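Residue numbers (our numbering), protein chains in the order written: chain C, 232 to 396; chain U, 421 to 529.
In what follows, a structure is listed as structure tokens, so that the remarks can point back to it.
The structure is reproduced here in structure tokens:
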């Protein structure tokens, strides 16, 4: 009698533990969903997911010959890494660069900045300072007026992390 | 940081009509980065510049949407085709909805 009760309790406890375990297992692998203020920021994700989120399944062509990325090979301070991007374009209303996206592959939130340009800019150029979390490629995507996408990248070695987030 | 919101614009002294010039715009701003505790982002209303509008002669040239991964005291260099003497304006807006504006006269010869 006593033996049977112990075994029942043990079994129940075991089942309870198993249920908790299953709940934890089901919950853990899901990426932390942004709540509250964090929902206003881009989600933490690998760069492939960012590209999918921004451009869906649209093809991205190799734009190495169109896009020039000026960056130091070694960035001593990841908190401020200068970058200058120039995209070859006549910048006419019919043929111009509509947007430039700068993404750092090793940052937890890869999209650093999006720049939307109009033909009145006369040139597809932008320069700024980035925060880079770690050594890795910085990728630039240019979107032209007709919707085609071009990508180029540049490797940067970061000596002191910029803790970008 | 009493200087938060100081906007500085640099444009060339004079520009030939029809040529492309560049404006360098800077705002003094902490551009807060996302804090982490135990590997997780802390949920807080981070204060960072997330919208910059550049206009020349009242027309929009560029719209910039930075994230927290743009350095402190955000600075951007943007080109524009100089057509007439007039005002170039840059408006920075941060995630708390505060606006910082700067303007510079572009002399076209």
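For each residue, glycine too, the CB sits at the ideal point set by N, CA and C.
Note that this is a predicted model, so its numbers are computed, not measured.
Output yes if chain C places a C-beta closer than 7 Å to the C-beta of residue 463 of chain U; else output no. Numbered from its first residue, the second chain carries residue 463 of chain U at position 43. Yes, contact with chain C.
Which residues, taken in chain order from the stretch 316-344 of chain C, show a beta carbon closer than 7 Å to some beta carbon of chain U? 335, 338, 340, 342, 343 and 344
Run the CB neighbour count on residue 494 of chain U, radius 10 Å, all protein chains shown included, and call it buried at 16 or more, exposed below. Numbered from its first residue, the second chain carries residue 494 of chain U at position 74. Here residue 494 of chain U is buried. Its C-beta has 16 or more other C-beta atoms within 10 Å.
Give me the chain C residues within the contact set of residue 479 of chain U, using Cβ-Cβ distance strictly less than 7 Å, ordered along the chain. Position 59 of the second chain, counted from the start, is the residue given in the question as residue 479 of chain U. Correct list: 351.
Chain-ordered chain C contacts of residue 495 of chain U [CB-CB under 7 Å]: Position 75 of the second chain, counted from the first residue, corresponds to residue 495 of chain U. By Cβ distance, chain C contributes 359 and 360.
Counting only runs of 3+ residues fully inside the stretch 433-498 of chain U, write out the beta strand (DSSP E) ranges in chain order. Assignment of beta strand (DSSP E) within the stretch 433-498 of chain U, counting only whole runs of 3 or more residues, yields 440-447, 469-476 and 479-486 in chain order.
If you measure beta-carbon to beta-carbon, which residues of the stretch 270-303 of chain C are closer than 8 Å to chain U? 271, 272, 273 and 275
Closest to residue 330 of chain C by C-alpha separation, out of C/340, C/273, C/381 and C/368, would be which residue? In the first chain, counting from the first residue as 1, residue 330 of chain C sits at position 99. Residue 330 of chain C has its Cα closest to that of C/381, out of C/340, C/273, C/381 and C/368.
From which residue to which residue does the beta strand (DSSP E) around residue 429 of chain U run? Residue mapping note: residue 429 of chain U aligns to position 9 of the second chain, counting from 1. Note, residue 429 of chain U: beta strand (DSSP E), 427-430.
By the 10 Å Cβ neighbour count, where 16 or more other Cβ atoms means buried, how is residue 353 of chain C classified, buried or exposed? As a first step, residue 353 of chain C is located in the first chain; it is residue number 122 there, counting from the start. Looking at its Cβ environment, which holds 16 or more other Cβ atoms inside 10 Å, residue 353 of chain C is buried.
Check the DSSP bridge columns for residue 509 of chain U and list the partner residues they point to. In the second chain, counting from the first residue as 1, residue 509 of chain U sits at position 89. According to DSSP, which records beta bridges pairwise, residue 509 of chain U is partnered with U/475 and U/523.
In the DSSP assignment, find the unbroken alpha helix (DSSP H) run with residue 329 of chain C in it and report its ends. Here the question's residue 329 of chain C lines up with position 98 in the first chain. No alpha helix (DSSP H) contains residue 329 of chain C, which is instead part of the beta strand (DSSP E) from 328-335.
If I measure Cβ to Cβ from residue 504 of chain U and keep anything under 7 Å in the same chain, skipping five residues before and after, which residues do I get? For the purposes of this step, residue 504 of chain U is taken as residue 84 along the second chain, with counting starting at 1. Answer for residue 504 of chain U: 477 and 528, listed in chain order.
Figure out for me which residue from U/507, U/499 and U/423 has the closest Cα to the Cα of residue 315 of chain C. Reading the first chain from its first residue, position 84 is the one you call residue 315 of chain C. Minimum Cα distance to residue 315 of chain C is reached at U/499.
Let me know the secondary structure DSSP gives residue 279 of chain C once reduced to three states. Translated into positions along the first chain, residue 279 of chain C becomes position 48. The answer is helix: DSSP assigns residue 279 of chain C an H, G or I state.
Quick check: the Cα distance between residue 294 of chain C and residue 377 of chain C, rounded to an integer number of angstroms? Locating residue 294 of chain C in the first chain gives position 63, where the first residue counts as 1. Locating residue 377 of chain C in the first chain gives position 146, where the first residue counts as 1. So the two alpha carbons sit approximately 15 Å from each other.
If you reduce the DSSP assignment to three classes, tell me which class residue 285 of chain C lands in. Looking up residue 285 of chain C in the first chain gives position 54. DSSP places residue 285 of chain C in helix when its eight states are reduced to three.
Opening and closing residue of the beta strand (DSSP E) in which residue 346 of chain C lies: In the first chain, the residue the question calls residue 346 of chain C occupies position 115. That run of the beta strand (DSSP E) goes 342-348.
Kindly indicate the opening and closing residues of the beta strand (DSSP E) around residue 388 of chain C. In the first chain, the residue the question calls residue 388 of chain C occupies position 157. Residue 388 of chain C -> beta strand (DSSP E) spans 380-391.
Pair within 7 Å by beta-carbon distance, residue 366 of chain C and residue 388 of chain C: Taking the first chain and counting its residues from 1, the one referred to as residue 366 of chain C is at position 135. Taking the first chain and counting its residues from 1, the one referred to as residue 388 of chain C is at position 157. In contact: residue 366 of chain C and residue 388 of chain C (Cβ atoms closer than 7 Å).
From this set, C/320, C/307 and C/302, which residue's C-alpha is nearest residue 375 of chain C's C-alpha? For the purposes of this step, residue 375 of chain C is identified with residue 144 of the first chain, where counting begins at 1. Measuring from the Cα of residue 375 of chain C, the nearest candidate turns out to be C/320.
Under a three-way DSSP split, which group does residue 360 of chain C fall into? Here residue 360 of chain C refers to the residue found at position 129 when the first chain is read from its first residue. Strand, per DSSP.
Less than 8 Å between the CB atoms is what I'm expecting for residue 309 of chain C and residue 393 of chain C, so what's the real figure, rounded? Position 78 of the first chain, counted from the first residue, corresponds to residue 309 of chain C. Position 162 of the first chain, counted from the first residue, corresponds to residue 393 of chain C. Right, their Cβ atoms sit about 3 Å apart.
Hey, quick one: how far does the beta strand (DSSP E) through residue 306 of chain C stretch, first residue to last? Counting from one through the first chain, the residue named residue 306 of chain C turns up at place 75. Start and end: 305-308.
Would you check if the distance between the CB atom of residue 298 of chain C and the CB atom of residue 383 of chain C is smaller than 7 Å? For the purposes of this step, residue 298 of chain C is taken as residue 67 along the first chain, with counting starting at 1. For the purposes of this step, residue 383 of chain C is taken as residue 152 along the first chain, with counting starting at 1. Yes, the Cβ-Cβ distance between residue 298 of chain C and residue 383 of chain C is below 7 Å.
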